[in-house]
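**Student:** Quick one: this structure, given as structure tokens, is what I'll be asking you about.
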Amino acid sequence: MTPRRRRALLAWLFMLPLVAVNALVVLGPSLSAVYYSFTDWSGIGAAKWIGLDNYVELLGDAEFRSALWHNIQWTIFFLVVPMTMGLFGAFALSRIRRFRLLFRVVYFLPYVVASVVTAAIWKNLLSPDVGLGATLGVNFLGSQALSLPSVAFINNWAWWGFLVVVFLAAMQGVNPNLYEAAALDGAGPLRQFWSITLPSIQPTFVFLGLMTIIWSFLSFDYVFVLTQGGPAGATDVLSTLLYREAFASLRAGYASAVGIVMALISAVVVAAYLVIRRKRGWAV
Amino acid sequence: MPLSRRNVLALTGAAALAPLLASCGSDTGRDLQYWAAFSDRQQRDYFRRERVDAFQGTLKVRLTVKPTDSIDRLTQTALAAGAGPDLVQAAGPAQLGAYAAAGYLLPLDDYARRYGWESMLAPWAMAASRVGGRLLALPGDFEGMFLVYNPATLERHGWPVPTSRAEFEAICTEAKAKGLMPVAAGNADWRAATEWWVTFALNHSAGPDAVYSALQGRTPWTDPVFVDAISLLNDYYQRGWWGGGVDAYFTNTFPGLYAALAAGTAVFMINGTWATTEIGPYFGAAAGNDATWDWAPLFPLRDGVPAQVLDLAIGESLSINAHSRNPDATAEYLHFLESDPQRQARGIAEASLQPAPVPLTAADFPPTVDERLSRLYTWLSTPATVGYTTWTFFPQQTDTDLYTNFDKVITGQLTVPEYLAGLDEVFRGELAAGKVPVAPAPTGVAR
Numbered sequence: 001m002t003p004r005r006r007r008a009l010l011a012w013l014f015m016l017p018l019v020a021v022n023a024l025v026v027l028g029p030s031l032s033a034v035y036y037s038f039t040d041w042s043g044i045g046a047a048k049w050i051g052l053d054n055y056v057e058l059l060g061d062a063e064f065r066s067a068l069w070h071n072i073q074w075t076i077f078f079l080v081v082p083m084t085m086g087l088f089g090a091f092a093l094s095r096i097r098r099f100r101l102l103f104r105v106v107y108f109l110p111y112v113v114a115s116v117v118t119a120a121i122w123k124n125l126l127s128p129d130v131g132l133g134a135t136l137g138v139n140f141l142g143s144q145a146l147s148l149p150s151v152a153f154i155n156n157w158a159w160w161g162f163l164v165v166v167f168l169a170a171m172q173g174v175n176p177n178l179y180e181a182a183a184l185d186g187a188g189p190l191r192q193f194w195s196i197t198l199p200s201i202q203p204t205f206v207f208l209g210l211m212t213i214i215w216s217f218l219s220f221d222y223v224f225v226l227t228q229g230g231p232a233g234a235t236d237v238l239s240t241l242l243y244r245e246a247f248a249s250l251r252a253g254y255a256s257a258v259g260i261v262m263a264l265i266s267a268v269v270v271a272a273y274l275v276i277r278r279k280r281g282w283a284v
Numbered sequence: 285m286p287l288s289r290r291n292v293l294a295l296t297g298a299a300a301l302a303p304l305l306a307s308c309g310s311d312t313g314r315d316l317q318y319w320a321a322f323s324d325r326q327q328r329d330y331f332r333r334e335r336v337d338a339f340q341g342t343l344k345v346r347l348t349v350k351p352t353d354s355i356d357r358l359t360q361t362a363l364a365a366g367a368g369p370d371l372v373q374a375a376g377p378a379q380l381g382a383y384a385a386a387g388y389l390l391p392l393d394d395y396a397r398r399y400g401w402e403s404m405l406a407p408w409a410m411a412a413s414r415v416g417g418r419l420l421a422l423p424g425d426f427e428g429m430f431l432v433y434n435p436a437t438l439e440r441h442g443w444p445v446p447t448s449r450a451e452f453e454a455i456c457t458e459a460k461a462k463g464l465m466p467v468a469a470g471n472a473d474w475r476a477a478t479e480w481w482v483t484f485a486l487n488h489s490a491g492p493d494a495v496y497s498a499l500q501g502r503t504p505w506t507d508p509v510f511v512d513a514i515s516l517l518n519d520y521y522q523r524g525w526w527g528g529g530v531d532a533y534f535t536n537t538f539p540g541l542y543a544a545l546a547a548g549t550a551v552f553m554i555n556g557t558w559a560t561t562e563i564g565p566y567f568g569a570a571a572g573n574d575a576t577w578d579w580a581p582l583f584p585l586r587d588g589v590p591a592q593v594l595d596l597a598i599g600e601s602l603s604i605n606a607h608s609r610n611p612d613a614t615a616e617y618l619h620f621l622e623s624d625p626q627r628q629a630r631g632i633a634e635a636s637l638q639p640a641p642v643p644l645t646a647a648d649f650p651p652t653v654d655e656r657l658s659r660l661y662t663w664l665s666t667p668a669t670v671g672y673t674t675w676t677f678f679p680q681q682t683d684t685d686l687y688t689n690f691d692k693v694i695t696g697q698l699t700v701p702e703y704l705a706g707l708d709e710v711f712r713g714e715l716a717a718g719k720v721p722v723a724p725a726p727t728g729v730a731r
């Protein structure tokens, strides 16, 4: 055996446990989910093959369309609001020297608090009986119009600090000479941000955008704890619909079809990112 | 093999590990395995003492406590793997049907004859424990619905305990005008709570006969009698009687509602027997107030509906695992759990355990019992017309659509006819697929 082949074999041997675990806990369930999406299955016992019926039903399902639309709104919100806040927060932090670490910790702290705890705290804060809702006379989580933005706001409260820290790390990799040269040419902070910072951290920016889209379509915890998809479906997203179909309606086959659609959406986003990355030659 | 020091060490280690590993297994061979979940530590300890350790049967029972919110899924997974406990707990008839279709459960008809279960347990609950003509479970516990109120609130405003729709509506109108919440209701903690009140409307406005006929597939859910019932309930919501208003309804929590009832800012609550385990901390010394609560039967909302309709449900079903190595001993333990009215009454009095549906009289209860509880369960044992709770007698998808879509009726996204047409379509599909649980005929079969 040549040294090169031996090295390759050794590499595969090291990877083998991971590949085995991955096949067991990711690939196996994924393939079974694809299979069950073509069946009428309660989640208990044998499944009955029904071909494309679940997918045909999805097309005409008003609850599915509503949940998908909420996911799209959710994604747009998270692509705009926290990304903007994260960028400007990181840029502001990159301009200061004193207390930078303190601010990083403060911004990051909500991200490490369990989502269930954060959601429970905000549920009380926004309560129409004793919280901010009572003071303002607004029922944030009971209103059809306000519930989805309210849940997104709470999720963003915990999320944007994470973006600040990641963007700040990327900004610290930007060559400081560029800022010096720009300052000598009379460029102000905003101009420097627009012409130096943003182009320099573009791969990180696009990567986080990609992850935001994927995570937005998987969002579940905040919605479930705060509203369980209510009031009257106003915050229902694909994951809460999937949960309800699988565990309340005992329609695991149909829920699998919802899950496959969610996976396909993520796959399209990842594929688009990979194409862009190859064209631009990014390392991230 | 030479007996080297290394081999001696290996053999000693293996000998020490063998019993340890054996004890980790789910089946110790000669113990009965039972998985159960409890609402609190007091209930768990009481059950272990009075219902596990006290059992002097052929085999010893090994109780494994599981989390309330995951016991169903853990049981499903174990059953699918051909394992699981000897005594299988299911969340009522709809789940029972799915387990039965998968062949996970042992038919109990022979044991029923041997132990006389048919005459021991309530006929409505036994009927709902059958799948395809075979008895596949016993009703582990049962639930009933009633009206809860604070006597001081009614007395302060000069209101009677309502026994008719007219009295109820008059009080609600007056209470709303005074800024009170007529009916303490909300689904922030439990979205499915909406079905409690749909159950009330269906059984007390449309009536048990109409519901039974619909469950048999003879009357469509779009029938005017159901349109009237759902429209009436929707009207109550639109008047702000349920939870104080539609928006508030979606954010009202159970602790807040119990507290409102105790404070006199809410007048009534339409709830089930499970509420008796939750309501205590909000009234009296435990809450630092002098408030009390009491209950009354629910009343008819339409002429022609019987005055006494008991809205009954099976909280949990108990079956024997088809893979059990000890089915006879499991049946013996099942009989122990279900029999003896005095044991059931003690469980209510001492640990707020929901009883099996055996007939209870006041004499069955110990002298220490809360009089309201003995009165409640004695009432639920009286012969009366069965009311069909949606979570026991409706198939799973119909039930889920029933409460998720009713929320859309009260928010104006669906009209009542649209709601019922959708419900009827889903129900027809489940009826054709044989997924509708068995329902007893309504008249006079509560006992």
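Chains A and B supply the protein sequences, listed in that same order. So that you can map any letter, position 131 of the first sequence is 131 in our numbering, and since no number is skipped, the others follow by simple counting. With the second sequence counted from 1, adding 284 to any position gets you our numbering. Ideal Cβ positions, reconstructed from N, Cα and C, are used throughout, including at glycine.
I'd like to know if Tyr388 (chain B) contacts chain A, where contact means its C-beta is closer than 9 angstroms to some C-beta of that chain.
**Tutor:** Start at 1 with the first residue of the second sequence, and residue 388 (chain B) comes out as number 104. So, interface residue.
**Student:** Might you give, ordered along the chain, the residues of its own chain that have their beta carbon closer than 8 angstroms to the beta carbon of Trp122 (chain A), omitting 5 neighbours on each side?
**Tutor:** Translated into the one-based positions of the first sequence, residue 122 (chain A) becomes position 122. These residues qualify, in order along the chain: Ile154, Trp157, Leu226.
**Student:** Using CA atoms only, rank isn't needed, just tell me which of A:Val106, A:Asp53, A:Val223, A:Ile260 is closest to Pro149 (chain A).
**Tutor:** As a first step, residue 149 (chain A) is located in the first sequence; it is residue number 149 there, counting from the start. Comparing Cα-Cα distances from Pro149 (chain A) to each of A:Val106, A:Asp53, A:Val223, A:Ile260, the minimum goes to A:Val223.
**Student:** Give me, in chain order, the residues of the same chain whose beta-carbon lies closer than 8 angstroms to that of Ala298 (chain B); leave out the 5 immediate sequence neighbours on both sides.
**Tutor:** Taking the first residue of the second sequence as position 1, residue 298 (chain B) is located at position 14. Caution is warranted here: a pLDDT of 48 is assigned to Ala298 (chain B), below 50, making its placement in the model unreliable, and the coordinate value is therefore given only provisionally. Contacts found: none.
**Student:** Which residues in chain B sit within 9 angstroms of Ile300 (chain A), going by Cβ to Cβ distance?
**Tutor:** Beyond the ends of chain A as shown, which are 1 and 284, falls residue 300 (chain A); an answer cannot be given.
**Student:** What is the DSSP secondary structure of Leu363 (chain B), counted as helix, strand or coil?
**Tutor:** Position 79 of the second sequence, counted from the start, is the residue given in the question as residue 363 (chain B). Helix at Leu363 (chain B).
**Student:** With burial defined as no fewer than 16 other Cβ atoms inside 10 Å of the residue's Cβ, what is the status of Pro286 (chain B): buried or exposed?
**Tutor:** Here residue 286 (chain B) is taken as the residue at index 2 of the second sequence, counted from 1. Below a pLDDT of 50, predicted positions are generally treated as unreliable, and Pro286 (chain B), at 47, falls in that range; the measurement from the model is reported next regardless. Classification for Pro286 (chain B): exposed.
**Student:** Can you find the residues in the same chain that come closer than 6 angstroms, C-beta to C-beta, to Leu550 (chain B), ignoring five residues on each side of it along the sequence?
**Tutor:** Residue mapping note: residue 550 (chain B) aligns to position 266 of the second sequence, counting from 1. As written in the sequence, residue 550 (chain B) is Ala, which differs from the Leu given in the question. Excluding positions up to five away in sequence, the list reads Met465, Ala468, Ala544.
**Student:** Taking any Cβ of chain A, which residues in the segment 526 to 539 of chain B have a Cβ under 9 angstroms from it, in chain order?
**Tutor:** Residues passing the 9 angstroms Cβ filter: Gly529, Val530, Asp531, Ala532, Tyr533, Phe534, Thr535, Asn536, Thr537.
**Student:** Quick one: does Asp366 (chain A) have its CB under 9 angstroms from some CB of chain B?
**Tutor:** One cannot answer for residue 366 (chain A) here, as it falls past the ends of chain A, which runs 1 to 284.
**Student:** When DSSP labels each residue in this structure, what does Ile554 (chain B) get in the three-state scheme?
**Tutor:** The residue labelled residue 554 (chain B) in the question sits at position 270 within the second sequence. In this structure, Ile554 (chain B) counts as strand in the three-state DSSP scheme.
**Student:** Need the endpoints of the beta strand (DSSP E) that Ala320 (chain B) sits in, please.
**Tutor:** The sequence position of residue 320 (chain B) within the second sequence is 36, counting from 1. It spans 315 to 320 - the beta strand (DSSP E) in which Ala320 (chain B) sits, taken as one unbroken run.
**Student:** Excluding the 5 residues preceding and the 5 following Ala633 (chain B) in the sequence, name in chain order all residues of the same chain whose CB lies nearer than 8 angstroms to its CB.
**Tutor:** Your numbering for residue 633 (chain B) matches position 349 in the second sequence. Closer than 8 angstroms at Cβ, skipping near neighbours: Phe649, Pro650, Thr652, Val653, Asp654, Leu657, Ser658.
**Student:** Under 8 angstroms by Cβ, that's how I've got Val166 (chain A) and Leu208 (chain A) pegged, so tell me the actual separation to the nearest angstrom.
**Tutor:** Within the first sequence, residue 166 (chain A) is the residue found at index 166, counting from 1. Within the first sequence, residue 208 (chain A) is the residue found at index 208, counting from 1. With a Cβ gap of about 6 angstroms, Val166 (chain A) and Leu208 (chain A) count as contacting.
**Student:** Roughly how many angstroms lie between the CA atoms of Val120 (chain A) and Gly161 (chain A), to the nearest whole one?
**Tutor:** Position 120 of the first sequence, counting from 1, holds the residue named residue 120 (chain A). Position 161 of the first sequence, counting from 1, holds the residue named residue 161 (chain A). Looking at the sequence itself, residue 120 (chain A) is Ala, so the reference to Val does not match. Whole-angstrom Cα-Cα distance: 19 angstroms.
**Student:** Using the Cβ count rule (16 or more neighbours within 10 Å means buried), how would you classify Ile276 (chain A)?
**Tutor:** The sequence position of residue 276 (chain A) within the first sequence is 276, counting from 1. Label assigned to Ile276 (chain A): exposed.
**Student:** Do Thr576 (chain B) and Ala436 (chain B) come within 9 angstroms of each other at the CB atom, strictly closer than that value?
**Tutor:** Within the second sequence, residue 436 (chain B) is the residue found at index 152, counting from 1. Within the second sequence, residue 576 (chain B) is the residue found at index 292, counting from 1. Yes, the pair counts as a contact, with Cβ atoms nearer than the cut-off.
**Student:** Exposed or buried, what is Thr75 (chain A) when buried is set at 16 or more other beta-carbons lying within 10 Å of its beta-carbon?
**Tutor:** For the purposes of this step, residue 75 (chain A) is taken as residue 75 along the first sequence, with counting starting at 1. By the neighbour-count rule (16 or more Cβ atoms within 10 Å), Thr75 (chain A) is buried.
**Student:** Could you tell me whether any Cβ in chain B is nearer than 9 angstroms to the Cβ of Arg104 (chain A)?
**Tutor:** Working through the first sequence from its first residue, we reach residue 104 (chain A) at position 104. Chain B contact via Cβ: absent.
**Student:** Helix or strand or just coil, what does DSSP make of Ser147 (chain A)?
**Tutor:** As a first step, residue 147 (chain A) is located in the first sequence; it is residue number 147 there, counting from the start. Correct three-state label for Ser147 (chain A): helix.
**Student:** Do you know how far the Cα of Tyr383 (chain B) is from the Cα of Tyr433 (chain B)?
**Tutor:** By 1-based counting over the second sequence, the position of residue 433 (chain B) is 149. By 1-based counting over the second sequence, the position of residue 383 (chain B) is 99. Computed Cα separation, rounded: 39 angstroms.
**Student:** With DSSP collapsed to three states, give me the class of Pro466 (chain B).
**Tutor:** Against the second sequence, residue 466 (chain B) aligns to sequence position 182. Three-state DSSP puts Pro466 (chain B) in a strand.
**Student:** Alpha carbon to alpha carbon, how far is Gly309 (chain B) from Met429 (chain B)?
**Tutor:** Stepping through the second sequence from its first residue, residue 309 (chain B) is reached at position 25. Stepping through the second sequence from its first residue, residue 429 (chain B) is reached at position 145. Note on Gly309 (chain B): pLDDT 41, under 50, position unreliable in the model; the coordinate value appears next. Roughly 41 angstroms between the two C-alpha positions.
**Student:** Do you know offhand how far Pro407 (chain B)'s Cα is from His607 (chain B)'s?
**Tutor:** In the second sequence, the residue the question calls residue 407 (chain B) occupies position 123. In the second sequence, the residue the question calls residue 607 (chain B) occupies position 323. Distance between the alpha carbons of Pro407 (chain B) and His607 (chain B) is about 28 angstroms.
**Student:** From what residue to what residue does the alpha helix (DSSP H) around Thr118 (chain A) run?
**Tutor:** Here residue 118 (chain A) refers to the residue found at position 118 of the first sequence. Residues 115 to 125.
**Student:** I'd like to know whether the C-beta of Cys308 (chain B) is nearer than 9 angstroms to at least one C-beta of chain A.
**Tutor:** For the purposes of this step, residue 308 (chain B) is taken as the residue at position 24 of the second sequence. Confidence is the limiting factor: at Cys308 (chain B) the pLDDT is only 41, short of 50, which leaves the residue's position unreliable and the question unanswerable from this model.
**Student:** Would you say Ala8 (chain A) reaches chain B, if we count a Cβ-Cβ gap shorter than 9 angstroms as a contact?
**Tutor:** The sequence position of residue 8 (chain A) within the first sequence is 8, counting from 1. No, Ala8 (chain A) lies away from the interface with chain B (no Cβ there is under 9 angstroms from its Cβ).
**Student:** Is the shortest distance between the beta-carbon of Ile455 (chain B) and the beta-carbons of chain A less than 9 angstroms?
**Tutor:** Here residue 455 (chain B) is taken as the residue at index 171 of the second sequence, counted from 1. So no, Ile455 (chain B) is outside the interface.
**Student:** Name the two residues that bound the continuous beta strand (DSSP E) containing Val732 (chain B).
**Tutor:** Examination of residue 732 (chain B) is not possible in this model, given that chain B is present from 285 through 731 alone.
**Student:** State the DSSP-derived secondary structure class of Lys344 (chain B), mapped to helix, strand or coil.
**Tutor:** Counting from one through the second sequence, the residue named residue 344 (chain B) turns up at place 60. Strand, per DSSP.
**Student:** Using DSSP with H/G/I as helix, E/B as strand and the rest coil, what is Leu392 (chain B)?
**Tutor:** Indexing the second sequence from 1 puts residue 392 (chain B) at position 108. In this structure, Leu392 (chain B) counts as coil in the three-state DSSP scheme.
**Student:** Please give me, in chain order, every unbroken run of the alpha helix (DSSP H) with length at least 4 that falls completely inside the segment 189 to 252 of chain A.
**Tutor:** You should have 189 to 192, 202 to 218, 221 to 226, 238 to 243.
**Student:** Please state the DSSP three-state secondary structure of Trp579 (chain B).
**Tutor:** Here residue 579 (chain B) refers to the residue found at position 295 of the second sequence. Correct three-state label for Trp579 (chain B): strand.
**Student:** Where does Ala306 (chain B) fall in DSSP's three states?
**Tutor:** Counting from one through the second sequence, the residue named residue 306 (chain B) turns up at place 22. Bear in mind that the predicted position of Ala306 (chain B) carries a pLDDT of just 42, short of 50, making it too unreliable to give a figure here.
**Student:** Report yes if the CB atom of Ser497 (chain B) is closer than 9 angstroms to the CB atom of Asp512 (chain B), and no otherwise.
**Tutor:** One-based indexing of the second sequence puts residue 497 (chain B) at position 213. One-based indexing of the second sequence puts residue 512 (chain B) at position 228. Taking 9 angstroms as the Cβ cut-off, Ser497 (chain B) and Asp512 (chain B) do not qualify as a contacting pair.
**Student:** For Gln680 (chain B), go through chain A and note every residue whose CB falls closer than 7 angstroms to its CB, in chain order.
**Tutor:** Here residue 680 (chain B) is taken as the residue at index 396 of the second sequence, counted from 1. Neighbours of Gln680 (chain B) on chain A, chain order: Ser249, Leu250.
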